[in-house]
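Visitor:
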Amino acid sequence: MNLKEDISSWVKNYLKSKIIKNNINQFSKNNAEICSEREYWDNYIKTLYFEKKAEEAKKSDFGDLNKQAFENRSTSCFYCDPNGRYSLQKCVNVQNDGFIIRDCCSHCSHFSTIQDYSLLAKELVNINKKKQQSADNLLSGLMFWKHKNR
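Okay, structure coming up:
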């Protein structure tokens with residue numbers, strides 16, 4: 426590819442990435458379940474507890490995170506408080522890369538929601554890889570062009 430094509434490819438992938446991120450944010454907001462303040466905080470504390478356990482498991486290289494993930498799942502994939510004072514949160518089983526822990530989610534009433542989210546998240550991961558590859562191509566092309574024109 427030439428430099429112009431590399432720039433064009435990077436810009437296209439960058440814009441696609443922004444669009445998918447916006448789609449994910451909108452999807453999260455649209456599928457957020459409004460729960461009572463007590464339920465919100467119960468879900469949030471479960472999430473914090475699970476994140477702490479996950480960090481400990483990474484450090485010590487043991488632990489059954491699937492069991493912990495099942496026990497600490499939230500009442501829905503996305504949730505918010507009734508007054509909108511706190512930020513939108515997500516269940517511990519909603520992964521940024523779109524991975525679904527089937528044992529934790531397959532019997533949940535919100536399973537179709539996490540499947541739809543998973544498709545968007547995987548699309549974002551793929552486009553981010555393409556964006557990084559196009560950025561690498563662009564930089565290598567710029568370095569070649571700079572070296573060639575000395």
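Just remember that our numbering sits 425 ahead of the position in the sequence shown, which is counted from 1.
Backbone N, C-alpha and C define an ideal beta-carbon position, used for all residues, glycine too.
Between which two residues does the alpha helix (DSSP H) harbouring Y439 extend?
Guide: 428 to 455
Visitor: Just how far apart, CA to CA, sit K443 and K477?
Guide: 30 Å
Visitor: Could you tell me if R498 is buried or exposed, where buried requires 16 or more neighbouring beta carbons within 10 angstroms of its beta carbon?
Guide: When all chains shown are included, R498 counts as buried.
Visitor: Find the nearest neighbour of I449 within the set N468, C529, Q520, D528, judged by alpha-carbon distance.
Guide: Q520
Visitor: Which residue or residues does DSSP assign as beta-bridge partners of E462?
Guide: E462 is bridged by DSSP to nothing; it lacks a bridge partner.
Visitor: At what residues does the beta strand (DSSP E) containing F503 begin and finish?
Guide: 503 to 505
Visitor: By the three-class DSSP mapping on this structure, what secondary structure does Q514 have?
Guide: strand
Visitor: Alpha carbons only, please: which of S534, I526, N553 is nearest the one belonging to S543?
Guide: The shortest CA-to-CA distance from S543 to any of S534, I526, N553 is the one to I526.
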